[in-house]
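The numbering of the sequence shown is the numbering used here, which starts it at 6 and goes up by one.
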Amino acid sequence: MNRALPDVRLRVPTDEDAFAWHRVFADPEVMEFRGGKAAELSVYEELTARQRRHDAEYGFCLWSVLDESGEVIGFTGAQPWPREWGPKGEIEIGWRLGRAHWGKGYVTAAARMTLERVRVAGVSGVVAMVDSRNTRSIAVTQRLGMRLAETFTTPASQRQGHCYRLDL
6 MNRALPDVRL
16 RVPTDEDAFA
26 WHRVFADPEV
36 MEFRGGKAAE
46 LSVYEELTAR
56 QRRHDAEYGF
66 CLWSVLDESG
76 EVIGFTGAQP
86 WPREWGPKGE
96 IEIGWRLGRA
106 HWGKGYVTAA
116 ARMTLERVRV
126 AGVSGVVAMV
136 DSRNTRSIAV
146 TQRLGMRLAE
156 TFTTPASQRQ
166 GHCYRLDL
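Structural data, given as structure tokens:
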């Protein structure tokens, strides 16, 4: 069954969005595949500032996702893969959403918008790096038409992960 996706809006994160991200992600379930706990506020302040620079430099970033009422419910977007291992030099798409908004189509709707925006910015393909246990994110990659391209072990956690690819 195909249901209609919710209306979402993406915006370049503001200074205030660092507070919203910190609040929305202060849930162990949301952070299950990122160490199980929320980062300090300063991490989100730096992250939102970096995303504003990415938007100015690349034309894309991790955008704040706003629901129909204008509330920040998470982020989605794209950025250059930041690590020395994995798909170095490639553009990674990603998402993180507050627990109250899971299972409603927000991530799929926002990720589709992300794909269109990076395509317009001239990106020819993207990757999504997903913990192999994260069935919800794996389902999103499948809805986006991505294909499993590589399995890897993350250096820090020694967990198995997947690299999904999509040509744009």
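Heads up, the beta-carbon is just placed ideally off N, CA and C, and yes, glycines get one too.
Only a predicted model underlies this, so the values are computations on that prediction, with no experimental measurement involved.
Backbone secondary structure at residue i - three-state DSSP
| i | result |
| --- | --- |
| residue 34 | coil |
| residue 159 | coil |
| residue 70 | strand |
| residue 140 | helix |
| residue 53 | helix |
| residue 169 | strand |
| residue 15 | strand |
Buried versus exposed, by CB contacts within 10 Å (16 or more), residue i
| i | result |
| --- | --- |
| residue 33 | exposed |
| residue 6 | In this predicted model, residue 6 has a pLDDT of only 47, less than 50, meaning its place in the structure is not dependable enough to derive any value. |
| residue 133 | buried |
| residue 79 | buried |
| residue 101 | buried |
| residue 56 | buried |
| residue 97 | buried |
| residue 74 | exposed |
| residue 22 | buried |
Distance, residue j Cα to residue i Cα
| i | j | result |
| --- | --- | --- |
| residue 26 | residue 76 | 11 angstroms |
| residue 91 | residue 160 | 10 angstroms |
| residue 125 | residue 36 | 31 angstroms |
| residue 67 | residue 81 | 5 angstroms |
| residue 12 | residue 18 | 18 angstroms |
| residue 190 | residue 83 | Nothing can be reported for residue 190, as the shown portion of the chain is limited to 6 through 173. |
| residue 146 | residue 110 | 13 angstroms |
| residue 60 | residue 24 | 20 angstroms |
| residue 122 | residue 10 | 18 angstroms |
| residue 64 | residue 131 | 15 angstroms |
is_contact[residue i, chain B] using C-beta, thresh 8 angstroms
| i | result |
| --- | --- |
| residue 168 | In the displayed structure, chain B is absent; only one protein chain is listed. |
CB of residue i within 8 angstroms of CB of residue j, strictly
| i | j | result |
| --- | --- | --- |
| residue 16 | residue 69 | yes |
| residue 165 | residue 156 | yes |
Within the chosen definition, does the region 39-51 reach the region 79-97 through at least 3 CB pairs nearer than 8 angstroms?
No contact exists between the region 39-51 and the region 79-97.
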